[in-house]
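So the working numbering is basically just the index in the sequence shown, starting at one, shifted up by 4.
Comments concern the structure below.
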Amino acid sequence: MESLSSLLPIIQLAITPVILLSGMGALMIVLTNRMGRIVDRTRQLAEAIPEAGGETRQHLEDQLEIMWARSIMIRRAVTAAGFSMLSSCFLIVTLFCGALLEWRVREVVLFLFGLSIVLLIASLAEFLRDIFSALHALRLQIDRAKGLPRQ
C-alpha cells in the first residue's frame, strides 16, 4: 500500500499541466472553426469573382486577399497552439518519469513549460491579428454598402 501512496503525489504533479493542455484544446477548437469559416468564405468569393465585373470584382478580389492573409494567420496560430500542446505533453511525461525514476529534470521541465507558454502566447497573438483583420474586412464591407470610397 505504501507504493501506491507514494505514487499519488507523482501522478498529481504530472497531471497539473493537463489543465493547461485542456485549455489549449479549447483554443484549438476555436482556431480550427475559424479556419473552416475562412476556407468556406474564400470558396464563395472565388466562385463569385468570374461573374462579377468592375468595382464589384475589385471588391471581391480585395476580400479574397484578406481571406488569404487571415488563413495564414490562423495557420500560424494553429501551428503554435499544436506545438504548445505537444510541449505540454512532453512536460507531463518528463514530470512523471522524473519523479518516478528520480531523474534530475528541473531544467528540462522549466524549458518545456516556458516553451509551451511562449508558443501559447504566439498562438494568441496570431489569433488577435486574425480578429483585427476580420474587423478590417467588415469595415470594407460596411463602407461599400454605404457607398463610401475605398480606403
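Think of the CB as a built atom: it goes at the ideal place given N, C-alpha and C, for glycine as much as any other residue.
Just so it is clear, the structure is predicted and the values come from calculations on it, not from any experiment.
Give every residue of the same chain whose Cβ lies closer than 6 Å to the Cβ of residue i, excluding the five residues on either side of it in the sequence, and list them in chain order.
i	result
Ile124	The displayed chain sequence assigns Leu, not Ile, to residue 124. Ser88, listed in sequence order.
Val112	Thr98
Within the same chain, show all residues whose beta-carbon is closer than 8 Å to that of residue i, passing over the 5 residues directly before and after it, in chain order.
i	result
Met5	The predicted model places Met5 with a pLDDT of 44, which falls under 50 and marks its position as unreliable; any figure quoted below should be read in that light. Closer than 8 Å at the Cβ level, and outside the excluded window around Met5, lies no residue.
Leu25	Met89, Ser92, Cys93 and Ile96
Leu116	Ser91, Ser92, Phe94, Leu95 and Thr98
For residue i, which option in the options has the closest C-alpha, if you only look at C-alpha atoms?
i	options	result
Ala81	Ala138, Gly27, Pro153 and Ala129	Ala129
Gln48	Met71, Gly86 and Ser127	Met71
Arg41	Arg74, Val122 and Lys150	Arg74
Thr36	Ala56, Ile15 and Arg79	Arg79
Thr83	Phe131, Ile19, Pro153 and Val22	Phe131
Give me, in chain order, the residues of the same chain whose beta-carbon lies closer than 7 Å to that of residue i; leave out the 5 immediate sequence neighbours on both sides.
i	result
Arg148	His63
Glu59	none
Arg38	Ile78 and Asp134
Arg61	Ile53
Leu139	none
Ala141	Gln67 and Ile70
Ala56	Leu64
Are residue i and residue j closer than 7 Å when you measure CB to CB?
i	j	result
Ser91	Leu119	yes
Ala85	Ser127	yes
Ile19	Ala103	no
Complete runs of the alpha helix (DSSP H) confined to the stretch 80-143 [at least 4 residues]: none
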